[in-house]
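Step one of this worksheet: look at the structure below.
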Amino acid sequence: MQTSNGEGVGANEHSTNPTNDARHASNVGDPLTQSQAEFWYLVECQGCKELAHSLKMVHDLALYHSDVPFDTAEKTALFDLKVLWEGFERMGEKV
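So that you can map any letter, position 84 of the sequence shown is 978 in our numbering, and since no number is skipped, the others follow by simple counting.
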């Protein structure tokens, strides 16, 4: 996939979190470890929509309702929260 300037999607060297994108995810065919299975069990028990809502709320509180200055590490953490809540939202839609 290419952007409007002809570069690939992952070509942006100034990405918020260039080393932690989906291309580095585990192989989908690999069996889950015990800790991964326990995590997914907790996600299913809590509910994807509820987790997405909570993560979005924490993100928005930190970003819009605090006086904390944001550096690269904080921006990356907020982006990671956004990735998680959007993933949980998509999972909740499929249930």
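Each residue gets a CB set at the ideal place from its N, CA and C atoms; glycine is no exception.
From a predicted model like this one, the values you see are computed outputs, not experimental measurements.
How about residue i and residue j: do their beta carbons lie closer than 8 Å?
{"i": "Leu949", "j": "Leu975", "result": "yes"}
{"i": "Leu972", "j": "Leu955", "result": "no"}
{"i": "Ala946", "j": "Trp979", "result": "yes"}
Which same chain residues, not among the five before or five after residue i, have their C-beta less than 6 Å away from its C-beta?
{"i": "Val942", "result": "Checking the displayed sequence, the identity of residue 942 turns out to be Cys instead of Val. These residues qualify, in order along the chain: Phe982, Met985 and Gly986."}
{"i": "Phe964", "result": "none"}
Return the residue from the list the options that minimises the CA-CA distance to residue i.
{"i": "His959", "options": "Thr966, Met951 and Asp965", "result": "Met951"}
Leaving aside the five residues before and after residue i along the sequence, list all residues of the same chain whose C-beta is less than 8 Å from its C-beta, in chain order.
{"i": "Val962", "result": "Ala956 and Glu968"}
{"i": "His953", "result": "Leu972, Leu975, Lys976 and Trp979"}
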